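Data first, discussion second: the structure below is written as structure tokens.
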Amino acid sequence: MNFKDIISIAAVITTTVVAVVSIFLNHRSNLKHQLFLEKLRIYKELMVIVSQSTSQRADREELRLRLIAVKQEIILFSTEPITRKLADIGDINFTNNGQTEVQAKEKFDRYLSLLNLMRRDLLKQSDKISDTTLKRLI
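Adding 7 to a residue's 1-based position in the sequence shown gives its number in my numbering.
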């Protein structure tokens with residue numbers, strides 16, 4: 008084997024390694040993007056449920072079932088602080104039925120804290136999205 012053969016074998020090996028690494032990184036990036044989109048969908052669904060729960064005429068049973076489904080998805084995809092904060096909030100009902108003003112404000116503050124945790128989670132998940140774009144999304 009001469010020097011040209013060794014160089015060509017090294018070039019083929021290098022090209023193969025670069026191609027495999029590129030495929031791996033592309034696949035990883037695609038998975039991260041899909042996870043980001045799934046989390047965004049779940050978080051938006053939670054916000055829709057919260058906004059509908061403030062209505063007096065909303066179908067409470069349907070909202071309760073949708074909230075349970077969203078909570079299960081959040082447990083699957085989100086970080087522990089988000090899951091704990093959601094459990095701390097409990098039933099999402101901001102209509103002041105049977106609550107004092109202080110209790111309603113505390114619950115609303117916990118909800119805002121949950122929103123900030125979700126936004127930070129999405130920012131951490133996607134390197135390519137800016138904070139202003141994310142604010143428009145949620």
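Where a beta carbon is used, it is the ideal one built from N, C-alpha and C, also for glycine. In this text the structure is predicted, and so the values were computed from the model without any measurement.
- Of 132, 111, 84, 129, the smallest CA-CA separation from residue 61 is found for 111.
- The C-beta separation of residue 96 from residue 114 comes to about 6 angstroms, placing the pair in contact by the 8 angstroms criterion.
- A Cβ-Cβ distance of about 19 angstroms is found for the pair residue 83 and residue 99, leaving them out of contact under the 8 angstroms criterion.
- Within the model, the alpha-carbon separation for residue 122 versus residue 89 is close to 9 angstroms.
- Pairing residue 128 with residue 46 gives a Cβ-Cβ distance under 8 angstroms.
- Restricted to the stretch 56-89, the alpha helix (DSSP H) segments that are unbroken, complete and at least 4 residues in length are 67-84, listed in chain order.
- The closest CA to that of residue 70, considering only 53, 11, 81, 85, is found on 53.
- Residue 133 is a Cβ neighbour of residue 43, given a cutoff of 8 angstroms.
- With 16 or more other Cβ atoms from the protein chains shown falling within 10 Å of its own Cβ, residue 49 counts as buried.
- DSSP places residue 125 in the uninterrupted alpha helix (DSSP H) bounded by 108-132.
- In this structure, the straight-line span from the alpha carbon of residue 25 to that of residue 37 is close to 18 angstroms.
- By a beta-carbon distance limit of 8 angstroms, residue 117 contacts residue 92. Their separation comes to about 7 angstroms.
- Taking the Cα positions, residue 131 is about 48 angstroms away from residue 10.
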